[in-house]
Amino acid sequence: MKRRVTIKDIAAEAGVSLGTVHLALSDKPGVGAVTRERIRRIAKEMDYHPNTVASSLKRKTLHLAVCFPEVAGDNRYYYPQLWNGFRTYKESIQDFNISIREFAYPENGDGRSIDFQKRQRIVLKELEELLENGKLDGLVIHGNRCPFSAEKLHSYVDRGLALGLLDTDMPESGRLFCVSADYDIIGRTMAEIVMNRIPYCGSILLCAGIRDYPSHKRIEDGFDAYMRENHFDNLIYREYSNLICEENYQKILEHVRRPDLAAACCVSSRTSVMLAQALRECGKAGKIVAIGSDIFEENKKALQEGVFQNLIQKNPFAQAYMATRLLVDYLLKDMRSEESFVVGSQIVFRSNLSLFERNSVRFLE
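First residue of the sequence shown? That's 1 in the UniProt record's numbering, and the numbers climb one at a time after it.
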């Protein structure tokens, strides 16, 4: 999709402020005739077209929707921060003429199951009707296991929908942007922490989640890249699962019991829960290097007790906050973000855990 020129682009090209461009293009006083004509010429050369949605906001309500996984069951470990990020930003724009609908869908299940697909369709029926009937100006949706295909989303974009993604990109959807953590860097960071603390001969357990999940795969790839680039050949055991159940727990427990195991780390919240339990059960809590993923009550307790030495915070709060903000900025202010917007992640220790006790906008980037 061709990138649409914005007034920010024109201002940069003309070397003037956004306000000056706005005055010149809207034929308002406050700009000299020469400057006005130069800005108009630049706008024409750059093939600028006003954002019709933004220009009509004074006459109508802007209708948006967010669509994220529900927080029931195992989703309670990760997704509440996502919803909190969106709602925090929503509070900041309550004085604007904007209506935002929330749609929470079941995500933790077998995507091939007829029953699972039926439950998703029931929950998302109203959202689909709004999209089909062109009742939404914008949508922010979670890209991993997205309940809509890229082709279907693109059909809505073709009809005027402004689309923003978070967590996992789907470029073929026609989205404006995707906000995510830098999963490659997260994997590299995990590997560096581990290798700074264990012997060169120590083996490592990587609870690698689901290979088909781009975020999980990129963390694993980053971990492997760091090991390869730094010529570490430690044995790595890999456990591919992301569902909390007895079968998967027993597989992790079997790895943790290995006498050669020196470290263990996780790419997801759910595997962190099972790893912490396994470390406690076999008496290895605090005796091997262990890194959990994400911040929630169970992981904070594991960190405080020394079961985990670190947590990697992917910052879902900031991902949702920024994705909603970027979409609103696009529609309200004609400001277009870069297509890939990366939110900073943090390494959490016991000593700095208090910084993360509440969601905070200071960790947005």
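Backbone N, C-alpha and C define an ideal beta-carbon position, used for all residues, glycine too.
The model shown is predicted, which means the values in this text are computed figures rather than measured ones.
Q) Three-state secondary structure (DSSP) at residue 142? A) Locating residue 142 in the sequence shown gives position 142, counting from the first residue. Strand, per DSSP.
Q: Quick one: grab the DSSP three-state call for residue 231.
A: Translated into positions along the sequence shown, residue 231 becomes position 231. Three-state result, residue 231: coil.
Q: Return the residue from the list 89, 218 and 227 that minimises the CA-CA distance to residue 196.
A: Start at 1 with the first residue of the sequence shown, and residue 196 comes out as number 196. Nearest of 89, 218 and 227 to residue 196, Cα basis: 227.
Q: Apply the 10 Å Cβ neighbour rule to residue 365 and answer buried if 16 or more other Cβ atoms are within range, or exposed otherwise.
A: For the purposes of this step, residue 365 is identified with residue 365 of the sequence shown, where counting begins at 1. In this prediction, residue 365 has a pLDDT of 39, which is less than 50 and means its spatial position is unreliable; what the coordinates show is noted afterwards. So residue 365 counts as exposed.
**Q.** For residue 56, three-class secondary structure by DSSP
**A.** Translated into positions along the sequence shown, residue 56 becomes position 56. Low confidence applies here, because residue 56 scores a pLDDT of 49, under 50, leaving its location unreliable; read the following figure in that light. Three-state DSSP puts residue 56 in coil, outside helix and strand.
Q: Can you check DSSP and say which residues form a bridge with residue 165?
A: Position 165 of the sequence shown, counting from 1, holds the residue named residue 165. Residue 165 pairs with 141 and 178.
Q: Identify which residue in 147, 132 and 138 has its Cα closest to the Cα of residue 121.
A: As a position in the sequence shown, residue 121 is number 121, starting the count at 1. It is 147.
(Q) Do residue 343 and residue 299 count as a contact pair if the criterion is CB distance below 8 Å? (A) By one-based count along the sequence shown, residue 299 stands at place 299. By one-based count along the sequence shown, residue 343 stands at place 343. Their beta carbons are not under 8 Å apart, which means residue 299 does not touch residue 343 by this criterion.
Q. Hey, how far is the Cα of residue 350 from the Cα of residue 296?
A. As a position in the sequence shown, residue 350 is number 350, starting the count at 1. As a position in the sequence shown, residue 296 is number 296, starting the count at 1. Answer to the nearest angstrom: the Cα atoms are 14 Å apart.
Q. Which runs of the alpha helix (DSSP H) fall wholly inside the segment 15-53 and span at least 4 residues, in chain order?
A. 18-25 and 33-45
(Q) Would residue 209 and residue 242 qualify as a contact pair, given that the criterion is a beta-carbon distance under 8 Å? (A) The residue you call residue 209 lines up with position 209 of the sequence shown. The residue you call residue 242 lines up with position 242 of the sequence shown. Going by C-beta atoms, residue 209 is nearer than 8 Å to residue 242.
Q) If you compare alpha carbons, which of 91, 71 and 92 is closest to residue 82? A) For the purposes of this step, residue 82 is taken as the residue at position 82 of the sequence shown. The candidate whose alpha carbon is nearest that of residue 82 is 71.
**Q.** Continuous alpha helix (DSSP H) stretch holding residue 276: start and end
**A.** As a first step, residue 276 is located in the sequence shown; it is residue number 276 there, counting from the start. First-last of the alpha helix (DSSP H) with residue 276: 269-281.
Q: From the DSSP output, in three-state form, read off residue 315 for me.
A: Stepping through the sequence shown from its first residue, residue 315 is reached at position 315. Coil, per DSSP.
Q.
I want to know whether the segment 272-282 touches the segment 217-224 - three or more CB-CB distances under 8 Å.
A. no
Q. In terms of DSSP beta bridges, what is residue 310 paired with?
A. Within the sequence shown, residue 310 is the residue found at index 310, counting from 1. 291, per the DSSP bridge assignment.
Q.
Does residue 321 come out as helix, strand or coil in the three-state DSSP assignment?
A. In the sequence shown, the residue the question calls residue 321 occupies position 321. Residue 321 falls in the helix class under three-state DSSP.
Q) How long is the line joining the alpha carbons of residue 40 and residue 28, rounded to whole angstroms? A) Here residue 40 refers to the residue found at position 40 when the sequence shown is read from its first residue. Here residue 28 refers to the residue found at position 28 when the sequence shown is read from its first residue. Within the model, the alpha-carbon separation for residue 40 versus residue 28 is close to 13 Å.
Q. Do you know whose CA, among 202, 67, 50 and 155, lies nearest residue 25's CA?
A. For the purposes of this step, residue 25 is taken as residue 25 along the sequence shown, with counting starting at 1. The candidate whose alpha carbon is nearest that of residue 25 is 50.
Q.
Spatial neighbours of residue 324 within its chain, please: C-beta separation below 6 Å, excluding the five flanking residues on both sides.
A. Taking the sequence shown and counting its residues from 1, one reaches residue 324 at position 324. Answer for residue 324: 86, 89 and 140, listed in chain order.
Q) Excluding five sequence neighbours on each side, which residues of the same chain lie with their C-beta closer than 7 Å to the C-beta of residue 167? A) Numbered from 1 along the sequence shown, position 167 holds the residue referred to as residue 167. For residue 167, where only same-chain residues beyond five positions count, the Cβ hits under 7 Å are 142, 143, 144, 180, 215 and 319.
**Q.** Cα-Cα separation between residue 128 and residue 64, rounded to whole angstroms
**A.** Locating residue 128 in the sequence shown gives position 128, where the first residue counts as 1. Locating residue 64 in the sequence shown gives position 64, where the first residue counts as 1. The alpha-carbon atoms of residue 128 and residue 64 are separated by roughly 13 Å.
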